[in-house]
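In my numbering, the protein residues as written are 74 to 1135.
What follows is the structure in structure tokens.
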């Protein structure tokens, strides 16, 4: 017979004094459910029937002998309200403060959430246990059946039906908010009590439900630790209880089963709307019917004292065995995270699903449940009959996904009652994107870009609604205060001070340079202190080989283009001098300086110009260097560096494609010249043994020039080389093999083989590896090839003094030519200006989170000063190398290791310092002493590196991608912004305009006016402004916008990030 605890005069005033606000029924209302229709029936008055003797004994055991139960159901003498408290003493905090006061005392600020889904499944031995099947840190990870390992993180896809079932569960189930318990048995006891009070289960089902909730939990990595020397199993609460009962030698009085006098009340016939498709079946190892359940739990039931005992019992050493796994996964979980445990399963002793949603007053550690040792704050329990057509797994996934959603779990932390949770589900559904039913046989049918755009629109709509709501609340505030309040509401505090724009004008003479000095130099000491770590040491080694490879390549080609007036010695020495000076005084010392491809072209053009007019090449360069510092000071005085904002992707792509085209054409031209000098034949005239190889090294083979516009300078007849056997074929093999090795090692960097560190090492050192391997093959194969011509020690390449004024040739430059050299100097300055500022813009991107600032105005002055010194010593022009600078900053970037699985790694910090640049420059400088090794490098290998730089740079040029689209049908165009937002005709028109610009620049480069190439390049800026009359701003934003997105699975590629090759 049902037993109620109430006072007839106070029936309408009784309430449970729980701080949580679940459905507020009195103990009379909550003690029993209604009839067959599932409605709760409230008795009009208390019953005065005499209780059976068995029930009286049972009631006496609970209300008198057991002090905990007495405290749990204690009638307050001063109030007719029944307070249901904790197991603490009589002066519990719930009796001192009101519910509202207690709520304010609890922490309801949202924390990061770790969600774990456990299902009640049968083991191979026939037992039943909770088995972990999925988890959420940010994305869902499922246990791969059969392999006992975690699958790849993915966005959870939920069925609409499971979300509706979840909503019905929360409507009819138990909702306990701010439950004040300290351990798992206490929580389970309170949940079972509430289920009885809500009429979800019978009084007689309490022991078996309690037993189900306290079954053992098995996690993914527990299978690896089954072996034990002692042979002991890791025990759950239930197995420990059984052991304790066996050792105790007897059974104790426990919860009563059904009364012997009256029949058992059955559960309500109300069943949820259920799904037809069951993803997995829960275990039937628990008792299949109510009679069997009572028989098995008549001895195994637990009273309060047993629960308290088991809560303090040792649970084995699972945590120690899982410690290695926990260390790796704990790095991915935020420090303030709290766990949500979802328990779902089918049992045979219930007639209807029973649900409980619990928010604890504070997080408590439950090491037997959670995979990781973090406090549990939320629990969701769903138990139901095996005969019910309910997909328990999908409902569990639904609530788990909701709890991992930031918006829902923020509401769950702050919710006061059930209605707010239901409203949060409605809001989640409102923000969801529904895919219609159907068979999707092709991945291309899923419009991921469109889904991403719709998600962004939903987020924007929510942000706008939040701003409107906050705007109404602060209408009386001033506009400035209103803006601050809006930002404070979204970010959780007052907005930070806006970042100082280094390219904004100050209006003062040399104002930009002064601001750069004030911004950067206060960090000068920390620039050296912050470099004392292993990452900077590794970056130094990597950048040394990258810089050395580039210096050897450009130095060797420059010696060929300038008739050995400038060569490898000058390149190595002044790469060292310029790098040391730049690293010491620059505003952005992480940039790497050196010779680049565009400056090599200008030197070649200036050499042709001087030879045609009879000027001394080195003397003319000296005057150019002096004019450069004058031009740089004039531009810096008016803060001319802000003009870099006018250089858009339109101009960058044209310039980058032109340089790539030249880099690709040079090796091809060189191979053709080799075939002309050493044609293939059945036999060769003269003696072609290796005894002539030494003479060939000392011979200036100037007819190998790659520029067809330059007439070859032939050496004397007695110094001509006779054709060598197999030289042409072997040079072709060396060039192609060098390119293939370097190119595919770069691709291997983002491959799937080996570990991440090994892939990065092979990819980053791809060019040095290719050079060393090909040099080794060249030494082993007895075929003559042209080698680098490097003098011994620190002497210049040609027979001259280091200082240009000490050499003959100044008299060849008349006064008018000295003044006219301002024009070539301006051309060189334009290239240095563009390369330096474009590289600095890439490095100074906001996502890199640089803290020490940059120095746009100061760096161009420093670079011009370096070039004036290079002109005095006859060294190649120096500039910031874009690819090397970006790779250097990437090597100094610290990426996150604590991001959620499946999430894109983000930049934690960049080691901003000066020491790595100093060390790289110094190491490149002392490499000039290894001239004996450098003379082993074939020129064909350097042309292979040139080919690699040209082809690799095409991957980051959007103009090249659009050129390929000219040859593709529209249906095969990718779903990218400039394809989706711009009509095809206008997109092709934009591409054709750029092609015309490239053709004009290449024609200038190939003519006798090649020295004016930078001037025509600058003309591309007003051309870009002019086409704004043809294209709309939205179309130009798509065509001329930011760089293309890099796949989240790949690490950034230096050539795709840097618009300029070399």
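Think of the CB as a built atom: it goes at the ideal place given N, C-alpha and C, for glycine as much as any other residue.
Just so we're clear, the structure is a prediction, and the values are computed from it rather than from any experiment.
Burial state of residue i (16 or more Cβ within 10 Å)
| i | result |
| --- | --- |
| residue 1045 | exposed |
| residue 641 | buried |
| residue 512 | exposed |
| residue 692 | buried |
| residue 825 | exposed |
| residue 569 | With a pLDDT of 46 at residue 569, under the threshold of 50, the modelled position of that residue is not reliable, and no figure is offered here. |
| residue 951 | buried |
| residue 498 | buried |
| residue 935 | buried |
| residue 211 | buried |
| residue 990 | buried |
| residue 530 | exposed |
| residue 606 | exposed |
| residue 967 | exposed |
| residue 686 | exposed |
| residue 601 | exposed |
| residue 474 | buried |
| residue 593 | buried |
| residue 574 | exposed |
| residue 707 | exposed |
Boundaries of the alpha helix (DSSP H) in which residue i is found, first to last residue
| i | result |
| --- | --- |
| residue 621 | 607-634 |
| residue 815 | 800-821 |
| residue 732 | 722-750 |
| residue 457 | First-last for residue 457: 449-458, but that is the beta strand (DSSP E), not the alpha helix (DSSP H). |
| residue 474 | 465-477 |
| residue 498 | 491-503 |
| residue 955 | 955-964 |
| residue 412 | Element bounds for residue 412: not the alpha helix (DSSP H) but the beta strand (DSSP E), 411-420. |
| residue 244 | 233-245 |
| residue 1021 | 1012-1027 |
| residue 588 | 584-593 |
Host beta strand (DSSP E) of residue i (start-end)
| i | result |
| --- | --- |
| residue 204 | 201-209 |
| residue 435 | 427-437 |
| residue 189 | 186-195 |
| residue 215 | 213-217 |
| residue 983 | 980-983 |
| residue 256 | Here residue 256 belongs to no beta strand (DSSP E), and DSSP marks it neither H nor E. |
Distance between beta carbons of residue j and residue i, contact taken as under 8 Å
| i | j | result |
| --- | --- | --- |
| residue 457 | residue 419 | 6 Å |
| residue 644 | residue 690 | With a Cβ gap of about 16 Å, residue 644 and residue 690 do not count as contacting. |
| residue 201 | residue 207 | Contact flag wrong, Cβ pair sits at about 19 Å. |
| residue 242 | residue 455 | 6 Å |
| residue 890 | residue 583 | Incorrect: roughly 31 Å between the Cβ atoms, too far for contact. |
| residue 902 | residue 705 | 7 Å |
Heavy atom of the ligand GDP within 7 Å of residue i beta-carbon
| i | result |
| --- | --- |
| residue 718 | Of ligands this structure carries none, so the ligand GDP is not represented either. |
### Query
Three or more C-beta pairs closer than 8 Å, one from the segment 906-917 and one from the segment 942-959: is that the case here?
The segment 942-959 and the segment 906-917 touch, with three or more beta-carbon pairs separated by less than 8 Å.
### Task
Would you check if the segment 653-666 and the segment 981-997 touch, i.e. whether three or more CB-CB distances between them fall below 8 Å?
Segments in contact, yes.
### Message
Below 8 Å, how does it come out for the segment 850-859 and the segment 797-813: are there three or more Cβ pairs, yes or no?
### Response
Three or more beta-carbon pairs separated by less than 8 Å link the segment 850-859 to the segment 797-813, which places the two stretches in contact.
#### Entry: Sequence ranges, alpha helix (DSSP H) only - wholly within the segment 895-936, length at least 4
With a minimum length of 4 residues, the continuous alpha helix (DSSP H) runs that stay inside the segment 895-936 are 895-916.
### Task
Indicate whether the contact test is met: 3 or more Cβ pairs, each with one atom in the segment 263-281 and one in the segment 411-431, closer than 8 Å.
The segment 263-281, when compared against the segment 411-431, does touch it at the 8 Å Cβ threshold.
### Task
Write down every uninterrupted run of the alpha helix (DSSP H) in the segment 1032-1089 whose length is 4 residues or greater and which is fully enclosed by it, in chain order.
If only uninterrupted alpha helix (DSSP H) runs of at least 4 residues are considered, those enclosed by the segment 1032-1089 are 1050-1053 and 1057-1079.
### Task
Output the residue ranges of the alpha helix (DSSP H) runs that lie fully inside the segment 636-705 and measure 4 residues or longer, sorted by chain position.
Taking only runs of at least 4 residues, the alpha helix (DSSP H) segments lying wholly in the segment 636-705 are 641-658 and 670-686.
### Query
Below 8 Å, can you find three or more Cβ-Cβ pairs linking the segment 728-737 to the segment 915-931?
With a cut-off of 8 Å, the segment 915-931 and the segment 728-737 do not count as touching, because too few Cβ pairs lie within range.
### Task
State whether the segment 1002-1022 contacts the segment 673-688, with contact taken as three or more CB pairs (one from each stretch) at a distance under 8 Å.
Using a C-beta cut-off of 8 Å, the segment 1002-1022 makes no contact with the segment 673-688, since fewer than three inter-stretch Cβ pairs fall below that distance.
### Query
Below 8 Å, can you find three or more Cβ-Cβ pairs linking the segment 402-413 to the segment 431-451?
Contact holds: three or more Cβ-Cβ distances are below 8 Å.
### Task
Could you tell me whether the segment 1010-1023 touches the segment 623-631, using the rule of 3 or more Cβ pairs below 8 Å?
The segment 1010-1023 is in contact with the segment 623-631.
### Query
Is there contact here, the segment 737-752 with the segment 1017-1028, by at least three beta-carbon pairs under 8 Å?
In short, these stretches touch, since the Cβ pair count reaches three.
### Task
Take every Cβ of the segment 182-195, pair it with every Cβ of the segment 467-484, and state whether three or more of those distances are shorter than 8 Å.
Yes, the segment 182-195 is in contact with the segment 467-484.
### Query
Are there three or more Cβ pairs, one per stretch, closer than 8 Å when the segment 1097-1111 is compared with the segment 1062-1071?
With the cut-off at 8 Å, the segment 1097-1111 and the segment 1062-1071 touch.
### Query
Pairing CB atoms from the segment 439-446 with CB atoms from the segment 478-488, are three or more of them under 8 Å?
Segments in contact, no.
### Query
Between the segment 650-659 and the segment 862-876, are three or more C-beta pairs nearer than 8 Å?
The segment 650-659 is not in contact with the segment 862-876.
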